[in-house]
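Undergrad:
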Ligand code: ASP
């Protein structure tokens, strides 16, 4: 008898195999890492053309700048609101678990120096940076917000120009189809890629590395589960009339890719594919909401920053006043907007949050050792959060196929 597994099952199996391999072979399993890099490069190479073409087509085919504006407002509002809730959940769970009490984490000097060295962008700069000085530069360097800006303008202008711009529209439309096809082909390599990405991480971080910080990891995981279970579940149920189980199942391949790659930008092609094919979100909505989300919406990162602040405060025996907590909520929302969807970005943005409440930046070195593990969890939530936005915005714009 021949058993055929679908892609979702294959990805799940690969994941379990990766964990087993990591535990059995330890550090030496890093020899599989090139397989992970291969998969990462494959999905990364299509991000820029995929965003550009699908977003141009999405905007141009809506033909209605008003709908676009409305969609934009809803999306940004949902992103900000859920991020604010996320950080509050993160802080609450952290206070309940008290991850920083009674721990002794040794910090090496180079990590401390690196922590003190990192600097973050100012808020104004972050906003101004959305406008590319040279769109081709933005495309070449893969600056997602700038690409979004460029694509929206092309799409809008295509509608305004009308007939003469039709060939350009058709070009992007055909190009977008080709990009989707390439994504589908690349996904066949996902199981191998996931083994190559996950096994070395598990091999490197044996249990002994994780133990001192196990409470930090627990706090982040619990807060992520609470956020997904309450906020996303009710949002997709109310606005998208989608059963939460169906939602989580539909987005699970993207969630696993996010977990393995720790990059929401890198996961984008898969998130686009899942929301359109498994959740019935229209291209118009998904191609607008997701690239934006991969850059500005980071609920998992917000949770992580909340937990990290409490952990570092407790470790150094500092008390956090109510005003400081409020500052943390505000700066975390801003920091998560400025966080790029790449591995480790959240750790760098943590400097901004810590300095806003005058906490020692060296604290970053305390959790830097297990940051990759935390990154895997927070990125998964970041991606699931983006997907929930497509359902919410799609539902309220009547852009969901049943
Ligand atoms: N790795 C995260 C992401 O790609 C960002 C972070 O480091 O928090 O979504």
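In the numbering used here, the protein residues as written are 1 to 402.
All C-beta atoms in this analysis are idealised placements derived from N, C-alpha and C, irrespective of residue type, glycine included.
The alpha helix (DSSP H) spanning residue 277 covers which residue range?
TA: 264-277
Undergrad: Use the C-beta contact count for residue 161: other C-beta atoms within 10 angstroms, 16 or more gives buried, fewer gives exposed.
TA: exposed
Undergrad: Between residue 412 and the ligand ASP, is there a pair consisting of the residue's CB and a ligand heavy atom that are separated by less than 7 Å?
TA: The shown model of the chain, from 1 to 402, leaves out residue 412, and the question about it has no answer.
Undergrad: Residue 400 bridges to which residues according to DSSP?
TA: 281
Undergrad: Taking just the CA atoms, how far does residue 71 sit from residue 62?
TA: 11 Å
Undergrad: Residue range of the alpha helix (DSSP H) that residue 336 falls in?
TA: 322-338
Undergrad: With a cut-off of 8 Å on the beta carbons, I'd call residue 156 and residue 65 a contact; round off their distance for me.
TA: With 8 Å as the limit, residue 156 and residue 65 qualify as a contact, their Cβ atoms being about 6 Å apart.
Undergrad: When the Cα atoms are used, what is the spatial distance from residue 395 to residue 383?
TA: 18 Å
Undergrad: With residue 298 and residue 339 assumed to form a contact (beta carbons below 8 Å), what rounded beta-carbon distance in angstroms separates them?
TA: 5 Å
Undergrad: Could you tell me the boundaries of the alpha helix (DSSP H) in which residue 55 lies?
TA: Unbroken alpha helix (DSSP H) run through residue 55: 33-62.
Undergrad: Go to residue 159, then tell me how far its alpha helix (DSSP H) extends in each direction, as first and last residue.
TA: For residue 159, the enclosing alpha helix (DSSP H) has its first and last residue at 144-161.
Undergrad: Look at residue 313 and residue 100 and say whether their C-beta atoms are less than 8 Å apart.
TA: yes
Undergrad: Go through its chain and collect everything with a Cβ distance to residue 10's Cβ below 7 Å, but skip five positions before and after it.
TA: 191
Undergrad: Would residue 387 be called buried (16 or more neighbouring beta carbons within 10 Å of its own) or exposed?
TA: buried
Undergrad: The ligand ASP and residue 143: does the residue's C-beta get closer than 7 Å to at least one heavy atom of that ligand?
TA: no
Undergrad: How about residue 338: is its Cβ closer than 7 Å to a heavy atom in the ligand ASP?
TA: Checking the 7 Å criterion, the Cβ of residue 338 is out of range of every heavy atom belonging to the ligand ASP.
Undergrad: Alpha carbon to alpha carbon, how far is residue 142 from residue 368? Give it in angstroms, no decimals.
TA: 26 Å
Undergrad: Taking the beta carbon of residue 378 as the centre, do at least 16 other beta carbons fall within 10 Å, making it buried, or is it exposed?
TA: A residue is called buried when at least 16 other Cβ atoms come within 10 angstroms of its Cβ; residue 378 meets this threshold and is buried.
Undergrad: Starting from residue 181 and walking both ways along the alpha helix (DSSP H), at which residues does that stretch end?
TA: 166-187
Undergrad: Could you name the residues of the same chain whose beta carbon sits closer than 7 Å to that of residue 17, not counting the 5 residues immediately before and after it, in chain order?
TA: 195
Undergrad: I'd like the list of long-range same chain contacts for residue 304, defined as Cβ closer than 6 Å, with 5 residues on each side in sequence excluded.
TA: Result list for residue 304: 220, 346, 374 and 378, in chain order.
Undergrad: Residue ranges of each alpha helix (DSSP H) run of no fewer than 4 residues wholly in the segment 192-223, ordered along the chain?
TA: 207-210
Undergrad: Taking 7 Å as the cut-off, is the beta-carbon of residue 343 closer than that to any non-hydrogen atom of the ligand ASP?
TA: Placement of the Cβ of residue 343 at a distance of less than 7 Å from at least one heavy atom of the ligand ASP is found.
Undergrad: In terms of alpha-carbon separation, which member of 130, 144, 51 and 79 lies closest to residue 172?
TA: Distances from the alpha-carbon of residue 172 to those of 130, 144, 51 and 79 put 51 closest.
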